[in-house]
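I have placed the structure first, in the form of structure tokens, so that the comments after it can refer back to it.
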Amino acid sequence: MNHPSIRIAVLHFSHETVTFLKNETTLDDFIYAGSPAQGEALLGSYPKSYMGGFVKMAREFDGVELIGIESPLWPKTGTGSGWVTEEAFETFVGRMIAGIKAEAAFDGVYLCLHGAMAVRGVPRPEAELARRVREVVGSKAFIAATFDLHGNEDEAFLEHADMAFAVKYFPHYDEYLQGERAARTLVRAIRGDYKPTHVTVRIPVISPTVLQWTGTPPWMDLVQRALVWEAREPDTYVNVFFGFPFADVPDVGMTVQVLTNGNPELAKQVGHDLARAIWRQREALLNSTRIHTIANGVALAKQAVSSGHTPVVLADHSDRSGSATWLLREIIVQDLSNTLIATIADADATARLKARGAKEGR
Ligand SMILES: [Zn+2]
Numbered sequence: 237m238n239h240p241s242i243r244i245a246v247l248h249f250s251h252e253t254v255t256f257l258k259n260e261t262t263l264d265d266f267i268y269a270g271s272p273a274q275g276e277a278l279l280g281s282y283p284k285s286y287m288g289g290f291v292k293m294a295r296e297f298d299g300v301e302l303i304g305i306e307s308p309l310w311p312k313t314g315t316g317s318g319w320v321t322e323e324a325f326e327t328f329v330g331r332m333i334a335g336i337k338a339e340a341a342f343d344g345v346y347l348c349l350h351g352a353m354a355v356r357g358v359p360r361p362e363a364e365l366a367r368r369v370r371e372v373v374g375s376k377a378f379i380a381a382t383f384d385l386h387g388n389e390d391e392a393f394l395e396h397a398d399m400a401f402a403v404k405y406f407p408h409y410d411e412y413l414q415g416e417r418a419a420r421t422l423v424r425a426i427r428g429d430y431k432p433t434h435v436t437v438r439i440p441v442i443s444p445t446v447l448q449w450t451g452t453p454p455w456m457d458l459v460q461r462a463l464v465w466e467a468r469e470p471d472t473y474v475n476v477f478f479g480f481p482f483a484d485v486p487d488v489g490m491t492v493q494v495l496t497n498g499n500p501e502l503a504k505q506v507g508h509d510l511a512r513a514i515w516r517q518r519e520a521l522l523n524s525t526r527i528h529t530i531a532n533g534v535a536l537a538k539q540a541v542s543s544g545h546t547p548v549v550l551a552d553h554s555d556r557s558g559s560a561t562w563l564l565r566e567i568i569v570q571d572l573s574n575t576l577i578a579t580i581a582d583a584d585a586t587a588r589l590k591a592r593g594a595k596e597g598r
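Here my numbering runs 236 ahead of the position in the sequence shown, where the first position is 1.
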């Protein structure tokens, strides 16, 4: 009989928590048709994202068996909810650990994460998950993870896990690619062909997400600098976490992680190069986009309309645009005519419409 030679556990636990929102993210929010998921259902979730890339690449290697451990998918609330309850976190992590134990032993673990999950009573939830996974898989297994660049992570995560791969672009065009890299590097590490050596550098910069578009400098420069290092030094991976500012957590802000193949000096050199580049450009990074108050923005739009400079886009970048109606209120107050509101979300209204069988476009 031909036994697979490499067994990898696959887990998913992701949220981008706005801790300033009043509605908590509860156990119930993670439970719906299709979630939690395990086995092929988990492996087939989010085929164009991290999970899809990971599964596709891992399966290109001979003798690799992937085991989807029961995991919650994104909560029903999407990104529109506050603190994840300790009950939700403990319930799912408990089930994940039980799932790993039931299917043991593993050579590797893939954690499909976001990085900006905030849990009441658990200061660093992703690191805590990695710590508990490490406890059950032992020190010989390799743990690899993928992250959104909006993750808030400090040194804690890579104290328990071996590898992390974060997207470089905002918008996040490279989720699938980072999933592929995680798979390839994890399999290589298990086979003894990659010795994960890493450094984590924190940079004391917090910025609103509206500034972080990587389509122009100075944010694009950071992407480019990381890519150049990856091009120059084979087997080097550079993660630049922009951080997620709408979370009141101890590790909020920018972090650089560098992964090399058994070369701690190189990891340090690249990590500090990126950290210095960020620090040098901090003024530019924090002023990449001019932000107006809502009242001033609407007044400027009125001015533009009256002088014929149309169309005008009023981007309400509360990072949860569509959930806020402050801009709409100001538009009414200032009587700005011919305004099209692209997104308004009202959970109650949506629920009532759904209950009455309403569908998009009808
Ligand atoms: Zn993001």
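The beta carbon of each residue, even a glycine, is placed where N, CA and C say it ideally should be.
- Any non-hydrogen atom of ligand 1 within 7 Å of Asp384 CB: yes
- Message: Can you tell me whether Gly593 is buried or exposed? The criterion is at least 16 other CB atoms within 10 Å of its CB, across all chains shown.
- Response: exposed
- Message: Here's the rule: buried if 16 or more other CB atoms are within 10 angstroms of the residue's CB, otherwise exposed. What is Leu521?
- Response: buried
- Item | Cα-Cα separation between Val548 and His528, rounded to whole angstroms | 14 Å
- Query: What is the residue span of the beta strand (DSSP E) that Pro432 lies within?
  - Reply: Pro432 to Ile439
- Query: Excluding sequence positions up to five away, which residues of its chain have a Cβ less than 6 Å from the Cβ of Ala245?
  - Reply: Ile303, Ile305, Ile336, Phe342 and Val345
- Query: Comparing alpha-carbon positions, which option in Phe378, Lys504 and Ala551 lies nearest Arg427?
  - Reply: Phe378
- Integer-rounded CB distance, given that Lys431 should sit under 8 Å from Asn497: 6 Å
- Message: Tell me whether the region 361-369 and the region 451-463 touch, counting them as touching only if at least three CB pairs, one residue from each stretch, are closer than 8 Å.
- Response: no
- Query: By the 10 Å Cβ neighbour count, where 16 or more other Cβ atoms means buried, how is Arg598 classified, buried or exposed?
  - Reply: Only weak support is given to the placement of Arg598: the predicted model assigns it a pLDDT of 46, under 50, and the question is left unresolved by the model.
- Query: Can you find a heavy atom of ligand 1 that lies under 7 Å from the Cβ of His408?
  - Reply: yes
- Message: I'd like to know whether the C-beta atoms of Gly489 and Arg438 end up nearer to each other than 8 Å.
- Response: yes
- Message: Taking 6 Å as the limit between beta carbons, can you name the residues of its chain near Ala397, skipping five residues before and five after?
- Response: Ala366, Ile379 and Ala381
- Item | Whole-Å CB distance - Gln570 paired with Ala535, under 8 Å assumed | 7 Å
- Query: Nearest CA to the CA of Asn259: which residue from Gly316, Lys595 and Gly544?
  - Reply: Gly316
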